[in-house]
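Note sheet for the following structure.
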Amino acid sequence: IRGMHFQYPPKAEIKLVKCVVGKVFDVAIDLRKNSPTFLQWHSEILSSKNMKIIYIPEGFAHGFQTLEDNCEILYLHSEFYSGESESGVKYNVT
Numbered sequence: 001i002r003g004m005h006f007q008y009p010p011k012a013e014i015k016l017v018k019c020v021v022g023k024v025f026d027v028a029i030d031l032r033k034n035s036p037t038f039l040q041w042h043s044e045i046l047s048s049k050n051m052k053i054i055y056i057p058e059g060f061a062h063g064f065q066t067l068e069d070n071c072e073i074l075y076l077h078s079e080f081y082s083g084e085s086e087s088g089v090k091y092n093v094t
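Mapping to full-length UniProt numbering: the sequence shown position 61 is 61, numbers consecutive.
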């Protein structure tokens, strides 16, 4: 599992994500407080067979669960990684 993650402004980023080997369940959650879709989420199965690409806008958290062994994910980012700007979404299952 790659947990829900994002970067705060000014390093917020747009992502294009594709699974080039294997198969993953990919999720994006809208974290933009003024958005009509705030906290709504979208998921896709990405695989080397279906060749889908998911576009993740700035202000969304992103994560995925591998569904097969030895998956490879290709990320294209609009910003460089910034550890100072990185955060995640805590999910309490209890």
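Backbone N, C-alpha and C fix where the C-beta goes; we use that ideal spot for every residue, glycine too.
Leaving aside the five residues that flank residue 7 on each side, the residues in its chain whose CB is nearer than 7 Å to its CB run, in chain order, 13, 79, 82, 85, 86. Counting only residues of its own chain and dropping the five nearest sequence neighbours on each side, residue 24 has a CB closer than 7 Å to the CB of 46, 64, 65, 66, 67, 71, 73. In this structure, 20 is the residue among 5, 20, 77 with its C-alpha nearest to the C-alpha of residue 49. The beta strand (DSSP E) runs lying completely inside the segment 26-72 and spanning 3 residues or more are 41-47, 53-56, 60-66, given in chain order. Our two residues, residue 54 and residue 34, have alpha carbons roughly 23 Å apart in a direct line. For residue 6, the uninterrupted beta strand (DSSP E) segment begins and ends at 2-7.
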